[in-house]
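According to mature numbering (1 follows the signal peptide of the UniProt record, and there is no 0), the residues represented by the sequence shown are -15 to -1, 1 to 372, in order.
Where a beta carbon is used, it is the ideal one built from N, C-alpha and C, also for glycine.
Please read the structure below before turning to the comments.
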Amino acid sequence: MKWFWVLGLVALSEALVTIPLKKIKPLRERLREKNLLKDFLEKHPHSAIYKYFDNPQIEAISSEPLRNFLDLAYIGTIGIGTPPQDFDVIFDTGSTDLWVPSIYCFSPACTNHNAFNPLLSSTYQFLGQSISITYGTGSMKGFLSRDVVKVAGMLDVNQDFGLSTLEPGEFMDKAPFDGILGLAFPSIGFKKTTPVFDNLWKQGLISQNLFAFYLTGKEDNSSVVMFGGVDPSYYTGNLQWIPLTKTTYWQFTIDSISMNKRIIGCQGGCQGILDSGTSLLVGPEYTVLNIQRVINARTSYGGEYIMNCNAMTTLPDIIFTINGVDYPVPATAYIRKESSACYSNFDALPQGFYGQNWIVGDVFMRLYFSVFDRENNRIGLAPAAKI
């Protein structure tokens, strides 16, 4: 069975810039008219340019390009230490902590990935506290450390993070990334530590207490996570705001899941978690089995649900209704094609696992630009722009 990442399901562990308000054509529009926009963005991928685009109220935004690995994971690069040692990480809204492999780990997963060497960093501090994290598809054990972390061009000083000494099983061994940078709430993180995003805010490195994701299906660096502001050129229409029901994961209420105005899941409402570290749409077993039946998906030998590829053009949208607003997920999104076969992008949690919550992953986030607003404990969604 092919891997999909469910990182944050059960993560357990102990500059203001003002632009004059005069009528000028936005830089993005002027570049687009001259067919120069793509080249400009490739040469200037970071925050300095975003504030000059379409909204005069946009403040400085720091951003990190993300590489789409086979629609399974979105990977960015951070630096740890002085001088920085680079690591590919998942920016994961389904967990809280930052960790990477250490040179003291001899698990196969560690030997196959970049490992942090404390002896090569002049700013490293050993904290000594042992740590252990269990994810939906793997785990790690190690110890707590502190150092400078460079993320999206910003220098986050005195950042606590984990260094693994044990990564059992095949989960991380096969992963296309070295470690994980969590973006959920401090309440589910390492005890008595401050997560990366909270430190960015406390150190005054970002001007707004929020971050956002723009994910695409392109297997390049066109996806992005942005910190401290929102660039409206990445979405269409208006952001619709959804209040959180808990401040642990990014959890909210789903009113219903329907097809052709008939409810096929989440009858009477249920809880959802918007999770950039999960690739699929994952829900309670009995509900997902019902959806698989409705879309005529059948179990394959590998455990995945296989479908007739013609269904991508014949099946209707599946509607996630959230806070009174409908969010259509078309068949081209909830069905994926690989070579000559097609598969369902719904998957089931084992019965009783993590209650009745839905884990709303990258399948959904590719359709909807997502803002994670810590200041107001809410999520903003809008249709993703075609850039």
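If only uninterrupted beta strand (DSSP E) runs of at least 3 residues are considered, those enclosed by the region 114 to 177 are 123 to 136, 139 to 151, 164 to 167. Distances from the CA of Ile165 to each of Phe354, Ser106, Gly64 were compared; the closest alpha carbon is that of Gly64. Using a C-beta cut-off of 8 Å, the region 80 to 90 makes no contact with the region 269 to 280, since fewer than three inter-stretch Cβ pairs fall below that distance. In this model, Gly222 and Thr263 are separated by some 26 Å (Cα to Cα).
When DSSP states are grouped into helix, strand and coil, Cys251 belongs to the coil group. Residue state for Ala367 is assigned as strand, using DSSP reduced to three classes. Residue state for Ile291 is assigned as strand, using DSSP reduced to three classes. Exposed is the label assigned to Phe111, since fewer than 16 other Cβ atoms lie within 10 Å of its Cβ.
Counting the other CB atoms within 10 Å of its CB gives Gln144 a total of 16 or more, which places it among the buried residues. Here Leu266 is bridged, per DSSP, to Phe331, Val345. In the three-state DSSP reduction, Ile88 falls in the coil class, being neither helix nor strand. Taking C-beta atoms under 8 Å as the contact rule, Ser80 and Met211 fail to qualify, at a distance of about 20 Å.
Rounded to the nearest whole angstrom, the CA to CA distance from Val134 to Lys231 is 28 Å.
Pro315 carries a coil assignment under DSSP once its states are collapsed to helix, strand and coil. Between the beta-carbon of Met292 and that of Asn308 there is about 30 Å, and that puts the pair past the 8 Å contact cut. For Phe170, the closest alpha carbon among the candidates Phe162, Asn206, Ala160, Phe182 is that of Phe182.
The region 322 to 329 makes no contact with the region 349 to 367; the number of CB pairs closer than 8 Å stays below 3. In this structure, the straight-line span from the alpha carbon of Leu104 to that of Leu265 is close to 39 Å. Secondary structure at Ile276: helix, using DSSP grouped into helix, strand and coil. Buried is the label assigned to Thr150, since at least 16 other Cβ atoms lie within 10 Å of its Cβ.
With respect to Thr317, Met297 sits close: the two C-beta atoms are nearer than 8 Å.
For Leu229, same chain residues with a beta-carbon under 8 Å away, outside a window of 5 residues either side, are Trp235, Gln236, Phe237, Asn362, Arg363, Ile364 in chain order. Gly61 is bridged by DSSP to Val74. Secondary structure note for Phe305: it is in no alpha helix (DSSP H), and the uninterrupted beta strand (DSSP E) holding it is 303 to 307. With contacts defined by Cβ atoms closer than 8 Å, Gly147 and Tyr109 do not form a contacting pair. In this structure, DSSP gives Lys322 an extended state, which the three-state scheme calls strand. Excluding the 5 residues flanking it on each side, Ile248 has same chain C-beta neighbours closer than 8 Å at Ser241, Ile242, in chain order.
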